[in-house]
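Peer 1:
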Amino acid sequence: MKRGIHCIAILVIAGALSACAAGEGTRGTAEVPRVGMANPASVHCVDKGGKVEIRKNSEGGEYGICHLPDGTQVEEWELFRRDNPAGKD
110 MKRGIHCIAI LVIAGALSAC AAGEGTRGTA EVPRVGMANP ASVHCVDKGG KVEIRKNSEG
170 GEYGICHLPD GTQVEEWELF RRDNPAGKD
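In the numbering used here, the protein residues as written are 110 to 198.
1. Quick check on V231: does DSSP put it in helix, strand or coil?
2. On the premise that I174 lies in contact with R164, defined as a C-beta separation below 8 Å, what is that separation, rounded to the nearest angstrom?
3. Using only CA atoms, which one of G169, Y172, K160 and S167 lies nearest to D179?
4. Hey, how far is the Cα of G158 from the Cα of N148?
5. Please state the DSSP three-state secondary structure of E168.
6. Would you mind stating whether C154 and E185 have Cβ atoms separated by less than 8 Å?
Below, the structure written as structure tokens:
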């Protein structure tokens, strides 16, 4: 009977230790949370029949240019603000 209790105790301790060790492999690894939302200005461009081109400025920042079906090229956020002015309900 004592032997059975010792075996069970050893199994419980081994299980607890293995559970603790499982989390150590991920320590120091940061996961970037994903929002899952598209850029509203890009979506607006595509909804108008345009295509978005991502460009980089001289400092390395990115911005989008919307190529509209009529050949017009406009920065995507400028187009979005023009078509959706603030305060408009």
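A virtual CB, placed ideally from N, CA and C, is assigned to each residue, including glycine.
Peer 2: Let me spell this out:
1. In this structure the chain extends from 110 to 198, so residue 231 is not present and cannot be described.
2. Going by Cβ atoms, the distance from R164 to I174 rounds to 6 Å, so yes, they are a contact pair.
3. Cα-wise, what sits closest to D179 is K160.
4. 16 Å
5. Here DSSP, grouped into helix, strand and coil, assigns E168 to coil.
6. yes
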